[in-house]
Amino acid sequence: MTIRDFLMLDLPPLLAALMAGATCGLLGSFLVLRRESLVGDALSHAVLPGIVLGFAITGARSGLPMLAGAMVAGLLAVVLISVVQRAARLDPGAAIGAIFTTFFAVGLVLMETTGARSVDLDLDCVLFGQLETLVWAQAEGLHSLVDPAALEGLPRQLGLLAGVGIVVAVVVAVLWRPLKLICFDPGYAAALGMPSRALEFGLALLVAAAAVAAFESVGSILVVAMLVCPAAALRLMTDRYGAQVLGGAALGAALGGVGYALAGPVPAALGLELSLNAAGVIGTLGGLMVAAAALVRAGVTRGRQGRAAVA
Amino acid sequence: MSVAPPLSVRHLTVAYGERPAVWDVTWDAPTGLTAIVGPNGAGKSTLLKATLGLVPALSGEVRFFGRPLEEVRDRVGYLPQRASVDWDFPATALDVVCMARYPRMRWWGPVPKRHREAARAALAQVGMEGFAERQIGKLSGGQQQRVFLARALAQDADLVLMDEPFAAVDAATEQAIVTVLRDLVAKGRHVVAVHHDLGTVPDYFSNVLLINARVFAAGKVAEAFTPATIGATYGARLALLDQANVRAAEARAL
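These protein sequence lines map, in sequence, to chains X and P.
If you count the first sequence from 1, position 108 lands on 108 in my numbering, and the numbers rise without skipping.
If you count the second sequence from 1, position 55 lands on 1055 in my numbering, and the numbers rise without skipping.
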């Protein structure tokens, strides 16, 4: 494989997987700490009608209209979940299940009826992601990395991912303490006069944005793996809040990057006739990550108990 | 002109669904130490939360020191029920106590030293200075309760609302809490605490509010906390356990 091939075929999807993983991993800790991991799943599905409408209205497969549509749909879903929960007095799981499947189904129907599907936004991409379709046709060699004209040819999805990632990182940094407080004790946050509700909706909006950004790389079914697996693994590995949140971003990036590499480039480099679906590999790796963390923790606990028994 | 009471509630009604939990409560919290007492499900915690705006009230008005809460938030401290949070959360005891000072610092960056010192002082006040760096999940229930108490103290408020501060704590913690409450009152602060143990009301508190959705009695413990008012408050819902509790309290009151 030449450098040109790498830059053209592997760099864009690798960057996409890294950025999606880091962004989702950063937000995932808040969901896991608030015991709302399924909200991440729900949001990543519920944004679909917004994405389709954003696409149908503008006819473009990336950019702000899809993001805006997704965020509107995500916010609507969060509001509806809380309304249904209160009005029908359903348990949160039932309310979330009813709302997000409905939204997702409406998204699928809209895809057919608006003609979005026939153009460019196909079902496979939505469900499983299409990292492999991201190519940098203008790449000729390392010098292309500093050539503005060539850089303009980078897939536009990378711009969206970078933009969302930067916004998420800045918001998490600026709202560091309020976010910590609404994760640990939302009632106390409200008693201190912090805008708990606004913060909760803000968090949901960020998750919706991250879900859109990540859905290109892993698809809406597996976004939740990127959101939850790094954070869940870290929950078993650290007692420090900072390590949990920042480590989530690092572990998410690693999950995306290693997952993509194992799906295509690594087997290819080894000369294997094997090309796997990147989303599938990333999702599987996420599960293995949590399992490994659980095993290590169980081993540490047993070791401690063993020493205690000897002492 | 009389000084406004620390907490003043007018015609406060709160309902979950169709069932009213707090019904037309009008009450002025006196200065000093006050217990809110009533049977399970009597709306004690709900009343406390509604005054802080944590659960929506259907109607009514709440004043702290004669002002709306938003104007005097820094004068009102809060100690939620221990069971309301996840103690496996990745935080140390000191982290949790520092939360009390969040409104006084920037939202990002390290906690300023003076606030960390204040948090450490609050931990020392509840006898937990040696546990500042301990992960909160590795503390006993009583120690966790003391961390919450330290957090309420670190708010440095004139009135502290406490939701079941004595729930499921060991004897040492109970004594530590009582000492802290008395210190607060000695410094001219006020405490309103939801309390479940009728037997200790006369020992720990000087004032009482007896509620079962609506107010049954309020005033000095010596006057308002009588067999008659307790019986009326617990009324038809008097379960066997409560009966034993009431008898113990009556024996003390007599």
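Note that CB positions come from ideal geometry on N, CA and C, so glycine has one too.
Residue state for proline 1165(P) is assigned as coil, using DSSP reduced to three classes. Residue Asp1156(P) holds the alpha-carbon nearest to the alpha-carbon of arginine 1189(P) among Asp1203(P), Asp1156(P), Ala1217(P).
The beta carbon of leucine 192(X) is closer than 8 Å to those of Leu181 in its chain, skipping five residues each way along the sequence. In the DSSP assignment, alanine 20(X) falls within the unbroken alpha helix (DSSP H) covering 11 to 33. Within the same chain, and ignoring the five residues on either side of alanine 279(X) in sequence, the residues whose Cβ sits closer than 6 Å to its Cβ are Phe128, Gly129, Val218, Gly219, Leu222. By the CB criterion at 9 Å, proline 1005(P) and aspartate 1028(P) fall inside the cutoff. When Pro1112(P), Tyr1102(P), Gly1032(P) are compared, the shortest CA-CA separation from valine 1221(P) is found for Gly1032(P). The alpha-carbon of alanine 1035(P) is positioned some 58 Å away from that of glycine 257(X). The beta carbon of leucine 206(X) is closer than 7 Å to those of Leu27, Val168, Val171 in its chain, skipping five residues each way along the sequence. Bounds of the beta strand (DSSP E) holding aspartate 1024(P) are 1019 to 1029. Taking 9 Å as the cut-off, the Cβ atoms of valine 1192(P) and valine 1185(P) do not count as close.
Taking 9 Å as the threshold, the shortest C-beta distance from methionine 289(X) to chain P does not fall below it. Our two residues, leucine 53(X) and phenylalanine 103(X), have alpha carbons roughly 12 Å apart in a direct line. Counting C-beta pairs with one atom in each stretch, the region 250 to 269 of chain X and the region 279 to 294 of chain X have three or more that are closer than 8 Å, which means they touch. The continuous beta strand (DSSP E) containing phenylalanine 1216(P) extends over residues 1214 to 1220.
In the three-state reduction of the DSSP assignment, leucine 203(X) falls in the helix class, which pools H, G and I. For valine 109(X) and valine 47(X), the gap between their C-alpha atoms comes out near 14 Å.
In the three-state DSSP reduction, serine 1206(P) falls in the coil class, being neither helix nor strand. With 16 or more other Cβ atoms inside 10 Å of its own Cβ, arginine 1146(P) counts as buried. Collapsing the DSSP output to three states places glycine 287(X) in a helix. In summary, leucine 255(X) is buried, with 16 or more beta-carbon neighbours lying within 10 Å of its beta-carbon over all protein chains present. With respect to threonine 1092(P), glutamate 1133(P) sits close: the two C-beta atoms are nearer than 9 Å. Contact between histidine 1115(P) and methionine 1105(P) is confirmed by a C-beta separation of about 6 Å, below the 8 Å threshold. Taking the Cβ atoms as the reference, proline 155(X) lies roughly 17 Å from proline 65(X), outside the contact range of under 8 Å. Taking a beta-carbon distance threshold of 9 Å, arginine 89(X) counts as an interface residue toward chain P. Of the candidates Ala1224(P), Phe1064(P), Gly1127(P), Gly1127(P) places its Cα closest to the Cα of alanine 1150(P). Rounded to whole angstroms, the separation of the alpha carbons of leucine 1054(P) and proline 92(X) is 19 Å. Separation of the CB atoms of glycine 21(X) and glycine 50(X) is rounded to 23 Å, and the pair is thereby denied contact status at 8 Å. The Cβ-Cβ distance between alanine 209(X) and methionine 226(X) does not fall below 9 Å.
Distances from the alpha-carbon of histidine 1195(P) to those of Ala1167(P), Tyr1078(P), Val1180(P), Leu1181(P) put Ala1167(P) closest.
When secondary structure is reduced to three states using DSSP, threonine 58(X) falls in the helix class.
Within the same chain, Cβ atoms closer than 7 Å to the Cβ of alanine 294(X) are found at Leu236, the five residues on either side in sequence being excluded. Taking 4 residues as the shortest admissible run, the region 251 to 305 of chain X contains the following complete alpha helix (DSSP H) segments, listed from N- to C-terminal end: 265 to 269.
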